[in-house]
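S.K.: Protein chains in written order, with this note's numbering: chain A, 11 to 194; chain B, 104 to 304; chain C, -11 to 788; chain D, -18 to 264.
C-beta atoms are modelled at their ideal positions from N, C-alpha and C, and glycine is treated no differently.
Following this message is one structure expressed as structure tokens.
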Amino acid sequence: MTGPDVPEPLHEVTVSVNGVRHTATVPARRLLSDFLRHDLALTGTHVGCEHGVCGACTILVDGAPMRSCLMFAVQARAHELTTVEGLGTIDAMGPVQQAFSECHGLQCGFCTPGFITTITAYLEENPDPTAEEARDAISGNLCRCTGYQNIVKSVLRAAEIRASADLGAPPLIDADARAGEAPP
Amino acid sequence: MKVSGTHTFAAPVAEVWRAVNDPAVLARTLPGCESLTELGPDSYALRVTAGVAAIKGTYEGTVALADKVEPASFTMTAKAAGAPGTVAADVRVALAPATSGGTELTYDADAVVGGVIGGVGQRMLVGVTRRMAEEFFRAVDADITAGGLVEVSPGPATVYAAGRGRVDRDPLGDRGFVLGLVTGGGLVLVGVLVGWAVGGR
Amino acid sequence: MTTRQFGQPIKRKEDPRLVTGGGRFLDDLGHTAYAAAFVRSPHAHARILDIDVTGALDVPGLIGIWTHEDLPGKVGEPLPLLIPHPSLTAPVTGYCLAPDEVNHVGEAVVMVVAVDRYAAEDACGLVRVDYDVLPPVVGLENARAATDLVHDSAPGNVAAHLVQEVGDVDIAMAAAPNRLTLDLQIERSMCSPMEGKGVYAVWDADDEHLRLWSSTQTTTGVRAAVAAKLDLPLAKVDCIAPDVGGGFGVKIVHPWPEEVLVPWTARLLGHDVKWTEDRREHFVSSAHERGQLQQVEVGFDDDGHVLALDVRLWHDNGAYTPYGIIVPIITSTQLLGPYKPGSYRCEFWSLYTNTVLVTPYRGAGRPQGVYAMERTMDAIAAELGLDRAEVRSRNFILPEEMPYDHGLLFQDGRPLKYDSGDFPASLAKLKALVGWDEFAAYKEQAASEGRRVGLGIGCYVEGTGVGPYEGGHIVIETSGRVNVATGLTTQGQGHQTVFAQIVADELGVPIENVFVTTGDTRRMGYAVGTFASRAAVMSGNAIALAARQVKAKALRIAAEALEVSPEDLEIVGGMVRVKGAPGTSMALGTVAVMSNPLRYAFDEAARAATQFAGGNDPDKPPVAAGEEPGLEGKDFYSPTQATFANGMHAAIVETDPVTAEIRILRYCVVHDCGPMINPMIVEGQVHGGVAQGVGGALYERMVYDESGQLLNASFMDFLMPYASEVPFIETDHLETPSPLNPLGIKGAGEAGCIPVSAVIASAIEDAEGFPIRSMPISPTELWELRQRHTEPVAAQGEPS
Amino acid sequence: MKPAPFVHHAPTTVAEAVEVLRAVGSHGKILAGGQSLIPILSMRLASPEHLIDINGVAGLDRIEVRDDCVRVGALVRHTQLLQDESAYAALPLLRQALVHVAHPAIRNRGTTVGSLAHADAAGELPSVLALTEGVVEAVGPRGSRDIPASAFFVGPLETALAADELAVAVRFGRFPEGTRTGFAESARRSGDYALAGVALAITLQDKVIRSARASFVSVTDVPDVLDLSGAIGSYAAVPDLDAVADAVRAHVSPDTDIHATGDYRRMLVAELTRRLVTELLSR
């Protein structure tokens, strides 16, 4: 039993994040988002609402986007987690990261990691979305800065970068014009 | 938040009046009522552990009755506070003979739900409150039918035993959170609950 | 050759870090800090009778609990009134922790510090506060009625009352051949940045030095306020804004109670303390905006020229007025937009309510003013049976009338004088973009298909780049690296990029070599803050001026070394060279070496500057009189008045004939902020603004019940739009330079959201054929409006 | 917004889970997908002392298509069911409804059975269980039992599950041949709880309507089934849409909340039904 004056039992939690195994000792109630951010110092994952609506904390659990604020660290043991840090580096950005940078898909950058994880997983399953599909794909994440237009563009651009054999020199495209496909 | 509703009792008006004005009955029938303590005439302190199965919180508060027009109407004012929030309610209750021979009770509640619960529970407050009121009335009905009406002479600081209440059963499903707020002495109950869930399901 | 960076849509320098998880936001700092949490009032208006913390004392991990009576000296005094104004006759500000009365749900009453936020919340849950609930004042109607008072010191709940008049409105109104009166309403919304507020404090006891990080829009403001509250010398306080996850106005207010209490407890405890605002706290204890009641009386001639405009505003300022009456002042002045009424009077009352305080939210009072003006323009057009764009155009201030002085006092205490703009040209662009003249045919076609569509329009002028000043500081290292600092802060506007663009052009260096720091008082102690679309104008120009100083110095030093006149030199690609003889040159880094005579050589470059390196004139001091060592420059930009950007939006909406659901089919923007430093970033600002505007027009509102409870205090019920709710935004630009500053630029940060409620109201009104007088509007409200205007078409779907 | 302390139990079999439930009584709470529960815990609207995390329980993650039903285990995530082609072939209504459940990231973790046990009148799945006359399989200390949908939903957020019972699976009933189904809802934003919604099944034989039934989202206290067979008429070519709309309006009892009035929802659900009938019959 726990009570107001009894220290909580701790659990040793070992998880695999971005291919690296990490171990930390935490109480059962530690949210996975807090575990990643504060116990493992992987602060790329952000927390915007802690009730599952905003999507800023979205990470990939076995490749599927999930809200890390709606899981406990102790539940992550058997899973392979991917955070934004695992999708590329400054010198070797992943296609979605590169597309966000090219298309001005971010402003303050706080919600961005949640979008990048979400879009990365989406493009795995839908490598060539239309503008409307791209908009739909990001409709579970809130952004207060961009008005989403350049994020839609980034999804389309990321699809092109992925499709291009040579990631270094992708063909110039008109993601800009295509982003306008959506309205009737 | 405004909630109103009606309930038809099998018993005649006088009997319902007595039941709902009897703290002993109330203590037995109020959902989650742990104790009801008389503070003075028509004024009670109460402790309610309301909630569902695992999800339950304890609320402490007071209930007072006023404007009693026997056997037709009264007003009850209740206040309670617990960890997830606060509730204050004014409930107007009217009793009238029903065409069936029983009693038609009409309640009209105006509740303020504060704290976290007030900010996030709006979507389902009304529905659940109405449901809890109904549950309370059914319990009163059963109590009357079972002849459980026992005359008690109330005095200051009298503590009425809590009833069968709802200890083991889960009145509102397993994923909600319920605050059942009540009234003693004469009363009715405003059950205020909040089952809250996010985009998820 | 270096191409000019100004005007190029270059990629942002900050992005590689932010897209790879390398951002450093407030809560990314201080993993070992203690965490603060607060017990907040559940009541809108109540007297605190008793606070009992004993239940919380045994919580494992608890460090400390404080109530108001524990706060010493200035920490326990009221928070500052940041912007006093003579008309603000009954200012009231809150306290760090409420002393004896709470005035809105969410007001902080008890502070808890524990080893982590979990434990802090455990303790908060066990603190018992007894309240005596007082009658709350909620909503403008109740505030006006003043049956109950929020503060005894504010009779009638009036914080401020202000009248400005130009011309004689009564006479002009009486003489006007046509008159209309409109009663309008606009609801509250809030900034709601994705990152809430937060503050992290490190106290160095040995050095008696406080280092403070805050997710703020003004670090110099926070620093000064905290130093004053904690009785610390300014020199012993640093304040730094790390990456900030959006601000939109709410983070310009300071000091928030937490910004005082967190450093105070850090000093008290001798341990780092951090507070990270959670989403619920942001809803009930930060700030809101927008809520106003408006009454417009307008007199006009038969051609639609406005002869007299008489406006009365009732502004809900919430429980306290730390930010003064900036918002209603802006509404009452910027209401005029691109128009020149024959006479104008605006009278407003700023009223207290028992709700979260009201401070600027992106647009800061303009969305309300534009809404009032544009609803009025549509009403005039309807009354006279004229085209809505034509009526607007007839009232425009013309380019040849610039600068145009309205004769009013603006929010910066200076005359409301437009510097530039070409409104007829903007309107022509907008009409072409949206297909204004073709719309009637489209509407008819849609009607024949049983569809209901409407076209709306809204125009605005936005005072941007208000003073008093900002500064720029530039130092060039011997490596050629150019360090730029400005004191104002960044919340996603791309300052590291746009300021680097300016410096790259001014200095002639590759943009890759330019590194910009914002919002760090260690680098620039004098600054105002980021608000009012002022950053590019103020810091952009200050940095340009600083760069010109550095350049002059570099040329002076190089000229001496190259034995030419400074006028014969230019800097290209980081090389100082002789014009027309690029072979004769030296790297800017070398000039930096020469600028700083050294005794010690710490690297190869430094050797050249040491005392035995040769080239010294023994008759002159190493640093000449009037010079300073280093290739460094600093300057400030302080304009006499604001610049005025403008824009016009149009939207086509479709409303479902049965369910009254509202869809934006097209959204068109024409925007004029003068020359654009980085068009990609300007475009992004417009998009984001429009999206917030759409939120405010169709989805967002703060739903208070009559007891002062905020009923939608979560992202589940406060409906910020997702991508699915924001239309594709079509943009066009006009670039009318401002004559007021060296770069000719105007601000662009807020523009996008300013006219959106006006435009959407206009479009829905056009689709439905009855006036829209209250915004935002939801399907359920539109449906009810239809019932009131009895709609045969919708009848089939209505309850029988 | 951080949860209060709790004891985390991670049973690996149903029997263990039930044993824990029995032992902790009403102080325990099942944790499956957690997409509704964890926010409640974080806001401290609830602070159960024990969480029985069933994510490690073997055998609960299966979807079985049977002749008369689609059986969905307690750990089947919405996404898994949504993407299951055989389940879609057997009962298209599942996918038709599941696409409306929140957003993909929530569907990837949230479970279909958890959604039913939550019994939110604004949830999509309860209306599907009702319309398919489905069954909830519950296991508790007293053994196993089947609870039909009609008895399962007792009130808003209230089900017939006892505090010590675990819903291990649900069986969605399949419709007779010739049945067309559809699901429509209207929410303020994509993925939000619907202001109103309707699940519809119309069984046709040749051009004749044999049966038409509907259940609703957000406009009734508990999901129940409205038989529209009488109202709609017999001929698929000319359904009596006005009668359908009238019947729906009479059946529902929506409340007013901060997003819409009860009257609006009543209109809306009647119109959604009317449009869905038209769509189904014109397929």
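Taking C:PHE288 as part of the beta strand (DSSP E), name the residues at either end of that continuous run.
M.R.: Within the third sequence, the letter at position 300 stands for residue 288 of chain C. Per DSSP, C:PHE288 belongs to the beta strand (DSSP E) from 280 to 288.
S.K.: What are the complete beta strand (DSSP E) segments, minimum 3 residues, inside the region 7 to 87 of chain C?
M.R.: As far as the region 7 to 87 of chain C is concerned, its whole beta strand (DSSP E) runs of at least 3 residues are 22 to 28, 34 to 40, 50 to 55.
S.K.: Give the DSSP-derived three-state secondary structure of C:TYR692 in the structure shown.
M.R.: Position 704 of the third sequence, counted from the first residue, corresponds to residue 692 of chain C. Of the three classes helix, strand and coil, the one that applies to C:TYR692 here is strand, per DSSP.
S.K.: Using Cβ-Cβ distances below 9 Å, what residues of the region 681 to 707 of chain C are close to chain B?
M.R.: Taking 9 Å as the Cβ-Cβ cut-off against chain B, the residues of the region 681 to 707 of chain C that qualify are VAL691, ASP693, GLU694, SER695, GLY696, GLN697, LEU698, LEU699, ASN700, ALA701, SER702, PHE703, MET704, ASP705.
S.K.: Under a CB-based cut-off of 8 Å, is B:ARG278 close to chain C?
M.R.: Within the second sequence, numbered from 1, the residue matching residue 278 of chain B stands at position 175. Only weak support exists for where B:ARG278 lies, its pLDDT of 23 falling under 50; the coordinates are left without a value.
S.K.: To be precise: take each residue of the region 748 to 782 of chain C, compare its Cβ to all Cβ atoms of chain D, and keep it if any distance is under 8 Å. Which residues remain?
M.R.: If the cut-off is 8 Å between Cβ atoms, the region 748 to 782 of chain C has SER766, PRO767, THR768, TRP771, GLU772 near chain D.
S.K.: Within its chain, find whatever has a CB closer than 6 Å to the CB of B:LEU208; leave out the 5 residues flanking it on each side and keep chain order.
M.R.: Here the question's residue 208 of chain B lines up with position 105 in the second sequence. Taken in chain order, the residues that qualify are HIS110, LEU198.
S.K.: Is there a C-beta anywhere in chain D that falls below 8 Å from the one on B:ALA260?
M.R.: The residue labelled residue 260 of chain B in the question sits at position 157 within the second sequence. Residue placement at B:ALA260 cannot be trusted, given a pLDDT of 40 that sits under 50; what the coordinates show is reported in the next sentence. No, B:ALA260 lies away from the interface with chain D (no Cβ there is under 8 Å from its Cβ).
S.K.: Looking only at DSSP bridge pairs, what is D:ARG194 linked to?
M.R.: As a first step, residue 194 of chain D must be located in the fourth sequence, where it is residue number 213. Note: D:ARG194 sits in a beta bridge opposite D:ALA182, D:ASP208.
S.K.: Who are the neighbours of B:ARG234 on chain D, taking C-beta pairs under 8 Å?
M.R.: Translated into positions along the second sequence, residue 234 of chain B becomes position 131. The answer, in chain order, is GLY136, PRO137, GLU139, ASP202.
S.K.: Residues in the same chain with beta-carbon distance under 6 Å from D:ALA241, minus the five sequence neighbours each way, listed in chain order, please.
M.R.: Position 260 of the fourth sequence, counted from the start, is the residue given in the question as residue 241 of chain D. Here the set comprises LEU176.
S.K.: Let me make sure I understand the geometry here. Which of D:PRO204, D:ALA195, D:THR201, D:VAL203 has the alpha-carbon closest to that of D:ILE213?
M.R.: Numbered from 1 along the fourth sequence, position 232 holds the residue referred to as residue 213 of chain D. Comparing Cα-Cα distances from D:ILE213 to each of D:PRO204, D:ALA195, D:THR201, D:VAL203, the minimum goes to D:ALA195.
S.K.: Using a Cβ-Cβ cutoff of 8 Å, what residues of the region 656 to 670 of chain C are near chain A? List them in chain order.
M.R.: If the cut-off is 8 Å between Cβ atoms, the region 656 to 670 of chain C has MET668, ILE669 near chain A.
S.K.: Specify the secondary structure class of D:LEU26 as computed by DSSP and reduced to three states.
M.R.: Start at 1 with the first residue of the fourth sequence, and residue 26 of chain D comes out as number 45. Coil, per DSSP.
S.K.: For the region 537 to 551 of chain C against the region 504 to 520 of chain C, are there 3 or more C-beta pairs whose distance is under 8 Å?
M.R.: They do not touch, by the three-pair rule.
S.K.: For the region 35 to 92 of chain D, list the beta strand (DSSP E) runs that are entirely contained and at least 3 residues long, ordered along the chain.
M.R.: Segments of the beta strand (DSSP E) lying fully in the region 35 to 92 of chain D: 44 to 46, 50 to 54.
S.K.: Could one say the Cβ of D:SER263 lies closer than 8 Å to chain C's Cβ atoms, at least one of them?
M.R.: Numbered from 1 along the fourth sequence, position 282 holds the residue referred to as residue 263 of chain D. With 8 Å as the cut-off, D:SER263 does not count as an interface residue toward chain C.
S.K.: Counting along the chain, where does the alpha helix (DSSP H) carrying C:THR319 start and finish?
M.R.: Here residue 319 of chain C refers to the residue found at position 331 of the third sequence. Counting along the chain, the alpha helix (DSSP H) containing C:THR319 begins and ends at 314 to 322.
S.K.: Straight-line CA distance for C:GLU620 to C:ALA473?
M.R.: Along the third sequence, one-based indexing puts residue 620 of chain C at 632. Along the third sequence, one-based indexing puts residue 473 of chain C at 485. Roughly 11 Å between the two C-alpha positions.
S.K.: Can you say whether C:HIS777 is buried or exposed, counting buried as having 16 or more other CB atoms within 10 angstroms of its CB?
M.R.: Residue numbering aside, residue 777 of chain C sits at position 789 when the third sequence is read from its first letter. That one is exposed.
S.K.: When DSSP labels each residue in this structure, what does C:ILE640 get in the three-state scheme?
M.R.: Here residue 640 of chain C is taken as the residue at index 652 of the third sequence, counted from 1. Residue state, collapsed to three classes: strand.
S.K.: Using DSSP with H/G/I as helix, E/B as strand and the rest coil, what is D:SER7?
M.R.: For the purposes of this step, residue 7 of chain D is taken as residue 26 along the fourth sequence, with counting starting at 1. Correct three-state label for D:SER7: helix.
S.K.: At a Cβ threshold of 8 Å, is C:HIS31 touching chain B?
M.R.: Looking up residue 31 of chain C in the third sequence gives position 43. Answer yes: the Cβ-Cβ gap between C:HIS31 and chain B drops below 8 Å somewhere.
S.K.: D:ASN36: buried (16+ other C-beta within 10 angstroms of its C-beta) or exposed?
M.R.: Locating residue 36 of chain D in the fourth sequence gives position 55, counting from the first residue. Looking at its Cβ environment, which holds 16 or more other Cβ atoms inside 10 Å, D:ASN36 is buried.
S.K.: Note down the Cα distance separating D:SER108 from D:PHE153, rounded to an integer number of angstroms.
M.R.: As a first step, residue 108 of chain D is located in the fourth sequence; it is residue number 127 there, counting from the start. As a first step, residue 153 of chain D is located in the fourth sequence; it is residue number 172 there, counting from the start. Distance between the alpha carbons of D:SER108 and D:PHE153: 11 Å.
S.K.: When DSSP labels each residue in this structure, what does D:PRO(-16) get in the three-state scheme?
M.R.: Residue mapping note: residue -16 of chain D aligns to position 3 of the fourth sequence, counting from 1. Coil at D:PRO(-16), not helix or strand.
S.K.: Comparing the C-beta of A:LEU116 with each C-beta of chain C, is any distance below 8 Å?
M.R.: Within the first sequence, the letter at position 106 stands for residue 116 of chain A. Cβ-Cβ to chain C under 8 Å: yes for A:LEU116.
S.K.: Taking the beta strand (DSSP E) that C:TRP191 belongs to, which residues open and close that run?
M.R.: Counting from 1 along the third sequence, the entry for residue 191 of chain C is found at position 203. Segment 186 to 192, the beta strand (DSSP E) holding C:TRP191.
S.K.: Taking buried to mean at least 16 other C-beta atoms within 10 Å of its own C-beta, is C:LYS539 buried or exposed?
M.R.: Within the third sequence, numbered from 1, the residue matching residue 539 of chain C stands at position 551. C:LYS539 should be labelled buried.
S.K.: Mapping the DSSP letters down to three states, classify C:ALA492 as helix, strand or coil.
M.R.: Here residue 492 of chain C corresponds to residue number 504 of the third sequence, with the count starting at 1. If DSSP states are grouped into helix, strand and coil, C:ALA492 belongs with the helices.
S.K.: Could you work out which residues of chain B lie near C:ARG268, taking near to mean beta carbons separated by less than 7 Å?
M.R.: Reading the third sequence from its first residue, position 280 is the one you call residue 268 of chain C. Under the 7 Å cutoff, chain B gives VAL219, GLY222.
S.K.: Starting from the beta carbon of A:MET103, find every residue of chain C whose beta carbon is closer than 8 Å, and list them in chain order.
M.R.: For the purposes of this step, residue 103 of chain A is taken as residue 93 along the first sequence, with counting starting at 1. Chain C residues near A:MET103: PRO4, VAL7, THR8.
S.K.: B:THR189 CB to nearest chain C CB: under 8 Å?
M.R.: Indexing the second sequence from 1 puts residue 189 of chain B at position 86. By this cut-off, B:THR189 is an interface position.
S.K.: Please work out which residues of its chain come closer than 8 Å, Cβ to Cβ, to C:LEU595, disregarding the five sequence neighbours upstream and downstream, and give them in chain order.
M.R.: Here residue 595 of chain C refers to the residue found at position 607 when the third sequence is read from its first residue. According to the sequence as given, residue 595 of chain C is Arg; it is not Leu. Excluding sequence neighbours, C:ARG595 sits near ALA589, ALA601.
S.K.: Can you look up C:ASP3 in the DSSP assignment and give me helix, strand or coil?
M.R.: On the third sequence, residue 3 of chain C is found 15 positions in, with the first residue counted as 1. C:ASP3: helix per DSSP, three-state reduction.
S.K.: Where in the region 709 to 733 of chain C do unbroken runs of the beta strand (DSSP E), each at least 3 residues long, occur, reported from the N-terminal end onward?
M.R.: The qualifying runs are 717 to 721.
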